[in-house]
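To keep things clear, I will list the structure first and then write my remarks on it.
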Amino acid sequence: MQDSKPSYQQPGYPTEMIQPQQSSSEDSVDIKRLFFRILGSWPIISISMVIGLVIALFIYRYATRIYEVNATVMVDSDQKGSMESLMSAVGYYNPRLEFENEVVILKSRTLTERTLQSLSFEISYYSEGKIKSSEIYPNPGWRLEYDSLHTQVYGQYIVKQKDAGYEIELPEAYNPDEDKKEVIFVKENEWFLSPIAKFRISPTSYDPPQDVSEIKVNWTSKQNLIDSYYDQLTVEPTSEGSAAINISMKGAVGDKIKDYVNQLISEYQNFNLESKNQTTENALNFITKELSGLQDSLEIVEGILKTFQSENQAINLSSKGVQLFTQIFDLDAKISELKSQERYLNYITKKNNELELTEALLSPMGIQGLEEVISMAIRDLNLLIQERSRLSYGQLESNPRIRLLDQQILKLRQNLKTNISSVLNQLSYQIQVLEDKRHKVESEVSELPKTEIELIRIKRRYEILENLYLFLMQKKAETAIVLAGNTPDSRVVDSATVDKDPVSPNPKRTFTIAIVISLFIPIGFIVITDLLDTKIRSKEDVESITNMPIVAMIGHSDRSTNLIVAEFPKSSIAESFRALRSNISFLAGEKKIQTMLFTSSIGGEGKTFISINMASILAASGKKTVLVGLDLRKPKIYNDFKLSNDFGVSTVLAGQMECKDAIQKTSMLDNLYILSAGPIPPNPSELILSERFDEMHEILKQDFEYIIFDTPPVGLVADTFELIKKVDYSFYVIRQGYTDKQLLSFINDRYENKSVQNIAITINDFTISKSYGYGYGYGYGYGYGYGYGYGYGYGSAYYGEDDKESGKKGRGFRSRG
């Protein structure tokens, strides 16, 4: 074969026979072929889109509508100035801290539980539709009430309203051992009592839904209800740096979610107020307890004073007695005030020394004269303890912010302890000085008459208790006013409202997703199958693997015979073989091609079919041609011509008869002769490689103008490689959609290393459909091989008289060659 690679053009055909140039990468993706394959699959893609849109329409029509509820709460930052200043001072305050703390509280499981405890959401009512059920909120004109102190069975109750009451189908849990559910009948407001349930049905003011004869009542435990609502809440700032918080929640029943969000905000504010009132309530309780004891002491002293004055007729004091009494009273008042501070600081010290300090200290608001450093330290410590209590609501103790707060509280407690110790020492010294002064005054009092001395002592006790009682009464009133004036650190800007349009299903998103998926599934399948496909699909696939020339592309045939040229000489398949016959002269150049060999990689690729029709087309042109069956292991060509296989190549090579005697003439074509394979020999390889084969070959050259060898596949039998060296030209048959690319690489390796020469490729069973709509075909033709073949025929450039039905679906038939 010459090194030049000429191109071939047959008139009347849409395809050029071009010498291929091998691709740089056999595994590269052919984008053009993939595009045409996708384009050629438009009916499937269209059907997929229609199905997807129908499913999307069904989903949109019958999917449960989900609505979003929104509310806005403003956190009042001006009420938190002291806390923020303190946190800034210790290096902990973060501008986002307040918001994050409020988020923790709003999304806590404890607040969820408090909210659901005040709502009757554990019982919900549903009406059953044709496809889906819908919840009726708040109730269908009656409600199921239960005794929370009694054991209850959760599950689904089916209630049917009757004229005299209600028929109720109980859950399986009532009788788990029986197949049939228990049905009971109860009257309105009549309690149903059993060991595992106690409930009744009571009417409400709501109008019952029309045309609903059966209501399904879902009874859920509180714990399961808390779990279902816990993660549904969304809390976000309305804008960056804003103190306003947006609370949103989604659900199928807008009014129900609206009630939940409003109740959640109410419980959140109640919790905030409870935490804020804790310190004031502690102070009020302390003052109330002190007043109770003082009132009893004051009544006793008052009784003693009246009795003493009555018995001794001593109503007024002398001027000196009044002076001494006033001095003693002033000293006792100062001593009492200092001791009050001392008792308070001792109480604070005791509370401060407790290992677990989880409640606020008593506020210093009722204690006069306490040093400012102590008062500020206690107030700051209370703020930290209050903040820790809020932050730990629904959080683990290992939370980093809680641990950091604990460190700050511990530091403040240590500083407070040091300051209190110093102040207590000062108070002790001041009390001692005042008591010394009082002792001097008392010594002067001792010089007064005995009766006057006793009267001064009683009046002093009475005045001290009375003044202290009045002082505490005043502080109690002030504390009560402070408690009554406390408000939550948040206010509702917008109450919960339900969006008019549902957030789900979204029609645009639903149909967009449907279209994308409808396109993705068929196109993805096409792409994946193309990437995983290892078969020869087009002429370009061949060109990307080998440099061997392509001399013909034989189309698909739905005929049930191999003798296409003989029986249908004007068909497009016959025309394609005439093109192959013409191309032989181009392949030969100056050298005449007399002997030709047709082979393939494996069985079923159509080498026998092409051998028969190539021999037929040569004979039809007036050339004396012999078709030799060299597949001694699977002889078959004799069957198509209805000839005998009792003798043939095997008998000639075995020396049992002469070559000329073994040749049989066909009845269909005058110039076509058949030398069948003959009986299957035990040693086919030895016979083909023997000297007798060369002798037979020479005899055939003398008697015939063309000799066509139909050989076994090269991938299965090694004999063929030896035969290729003995013929003028060989044709390697590959079948579209059947031959594996790796098999073509097998023969190409031998072509590249020059061990096989004078060989060209014939593509068999070629159709546009199997090439993904990419490439061209030569009409019809079917590659007969070792198995079965199925396909679809498409129109060609030439229609003969026997091709009236071309373009119809191929029938498929058993191959015999």
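Its first residue numbered 382, the sequence shown is counted upward by one per residue in my numbering. Note that beta-carbon positions come from the ideal geometry of N, C-alpha and C, so glycine has one too.
Contact check for residue 450 against residue 635 passes: the beta carbons are separated by less than 8 Å.
Residue 1065 counts as buried, since at least 16 other C-beta atoms from the protein chains shown sit within 10 angstroms of its C-beta. Across the set 1102, 1050 and 992, the C-alpha of 992 shows the shortest separation from the C-alpha of residue 1143. Within the region 861 to 923, the complete beta strand (DSSP E) segments at least 3 residues long are 871 to 879, listed from N- to C-terminus. Residue range 423 to 443 is occupied by the alpha helix (DSSP H) that includes residue 423. Spatial neighbours of residue 1070 in its own chain (CB-CB distance under 8 Å, excluding positions within 5 residues in sequence) are listed in chain order as 1100 and 1103. Per DSSP, residue 502 lies in no beta strand (DSSP E) segment and is marked neither H nor E. About 6 Å separates the CB atoms of residue 1145 and residue 986; that is less than 8 Å, so the two are in contact.
When rounded, the separation of the alpha-carbon atoms in residue 1029 and residue 1056 is 6 Å.
Residue 955 is a Cβ neighbour of residue 946, given a cutoff of 8 Å. Secondary structure at residue 534: coil, using DSSP grouped into helix, strand and coil.
Residue 1004 has its alpha-carbon roughly 24 Å from the corresponding atom of residue 931. DSSP places residue 1073 in no beta strand (DSSP E) but in the uninterrupted alpha helix (DSSP H) bounded by 1072 to 1084. Contact check for residue 815 and residue 687: beta-carbon distance about 30 Å, past the 8 Å limit, so the pair fails to qualify. Here residue 433 is buried, its C-beta having at least 16 other C-beta atoms within 10 Å.
When DSSP states are grouped into helix, strand and coil, residue 524 belongs to the strand group.
The alpha carbon of residue 615 has as its nearest neighbour, out of 493, 866 and 1078, the alpha carbon of 493. When rounded, the separation of the alpha-carbon atoms in residue 1088 and residue 1008 is 6 Å.
Fully contained in the region 584 to 610 are the following beta strand (DSSP E) runs of length 3 or more, in chain order: 595 to 600. Look at the beta carbons and you see the region 586 to 595 not touching the region 528 to 535: under three pairs across the two are nearer than 8 Å.
Residue 1001 and residue 430 have their alpha carbons spaced roughly 53 Å apart. Going by DSSP, residue 996 is part of the alpha helix (DSSP H) stretching over 988 to 1001. DSSP lists 448 as the beta-bridge partner residues of residue 632. DSSP places residue 1099 in the coil class of the three-state scheme, outside both helix and strand. Residue 575 and residue 606 have their C-alpha atoms roughly 24 Å apart. With respect to the 8 Å criterion, residue 1010 and residue 1109 are not classified as neighbours on the basis of their beta carbons.
Closest option to residue 600, judged by alpha-carbon separation, among 617, 585 and 579: 579.
Non-local beta-carbon contacts of residue 812 in its own chain, meaning distances under 8 Å to residues more than five positions away in sequence, involve 716, 719, 720 and 723 in chain order.
Under the DSSP assignment, residue 1030 falls outside any beta strand (DSSP E), being part of the alpha helix (DSSP H) whose first and last residues are 1030 to 1034. Where residue 617 is concerned, the enclosing beta strand (DSSP E) starts and stops at 615 to 618. Note that the C-beta distance between residue 809 and residue 454 is not below 8 Å.
Between residue 785 and residue 761, the C-beta spacing is not below 8 Å. Residue pairing by DSSP places residue 1045 opposite 1055 in a beta bridge. Remark: C-beta atoms of residue 521 and residue 584 do not approach each other more closely than 8 Å.
In the DSSP annotation of this structure, the continuous segment of the beta strand (DSSP E) that includes residue 550 starts and ends at 547 to 550. For the pair residue 561 and residue 867, the CB atoms are not nearer than the 8 Å cut-off.
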